[in-house]
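> Questions regarding the structure given below will be posed in turn.
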């Protein structure tokens, strides 16, 4: 079999896989899997950067595992949030997109940040007073960054993409943001 034919077979299989993974039957699992994977990758990249700067002694599999689990909780929220938001505010007009961006920033962003810290607090056996103190100290920094990163990204998301691809797009953008999130959390 020549190379172009092999490449064609690979492309056909990838398209078939994409068409299966993004069907209603598998979309929840796809979205959560994407969120887990990219949260872990973001943490691995952040740890590698910290190791290169001599700020972190060695890669911590436990830390990456915790970040991946936080990706799972956030992936579940994002999956349901985008479906809910698109059902409540259907359409892609500029007015609808702006409403979605504002609602997303005012409701989902604080929820996302809270769930992120809560998930990691549970996994790290953080006491409730310590968790509240950490949220008070670090959540504002993340929320401020969310207002810089997400409105332009969400305009693209809500205007151009169908609901089934929103979590994939969100997590692709989040890869860079997750590096920052991990850095804020572990600083």
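Numbering (the numbering used here), first residue to last: -19 to 167.
Glycine residues also receive a C-beta, built at the ideal position from the N, C-alpha and C atoms.
1) Can you round the beta-carbon distance between residue 55 and residue 11 to whole angstroms, since I take them to be within the 8 Å contact cut?
2) At 3 residues or longer, and completely inside the region 79 to 130: list those beta strand (DSSP E) runs for me, N to C.
3) How should residue 93 be labelled, buried or exposed, when 16 other C-beta atoms within 10 angstroms of its C-beta is the threshold for buried?
4) Go through the region -9 to 79 residue by residue and report every complete run of the alpha helix (DSSP H) that reaches 4 residues or more, in order.
5) Let me know the secondary structure DSSP gives residue -18 once reduced to three states.
6) Distance, Cα to Cα, residue 7 vs residue 21?
7) Please report the straight-line C-alpha distance between residue 30 and residue 36, rounded to a whole angstrom.
8) Taking the C-alpha atoms as reference points, what is the distance between residue 114 and residue 47?
9) Less than 7 Å between the C-beta atoms of residue 163 and residue 26, yes or no?
10) Can you tell me whether residue 167 is helix, strand or coil according to DSSP?
11) Assuming residue 43 and residue 23 form a contact by the criterion Cβ under 8 Å, report the distance between their Cβ atoms to the nearest whole angstrom.
12) Residues in the same chain with beta-carbon distance under 7 Å from residue 121, minus the five sequence neighbours each way, listed in chain order, please.
So, from the listed chains and residues:
1) With a Cβ gap of about 6 Å, residue 55 and residue 11 count as contacting.
2) Runs of the beta strand (DSSP E) lying entirely within the region 79 to 130 and spanning at least 3 residues: none are present.
3) Flag for residue 93 reads buried.
4) Runs of the alpha helix (DSSP H) inside the region -9 to 79: 7 to 32, 41 to 68.
5) Assigned with DSSP and collapsed to three states, residue -18 falls in coil, not helix or strand.
6) A direct Cα-Cα distance of roughly 21 Å separates residue 7 from residue 21.
7) Within the model, the alpha-carbon separation for residue 30 versus residue 36 is close to 5 Å.
8) Across the structure, residue 114 and residue 47 are spaced so that their CA atoms are roughly 16 Å apart.
9) Yes; because the gap between Cβ atoms is below 7 Å, this pair is in contact.
10) Reduced to three states, the DSSP call for residue 167 is coil.
11) About 6 Å separates the Cβ atoms of residue 43 and residue 23, confirming a contact at the 8 Å cut-off.
12) 164.
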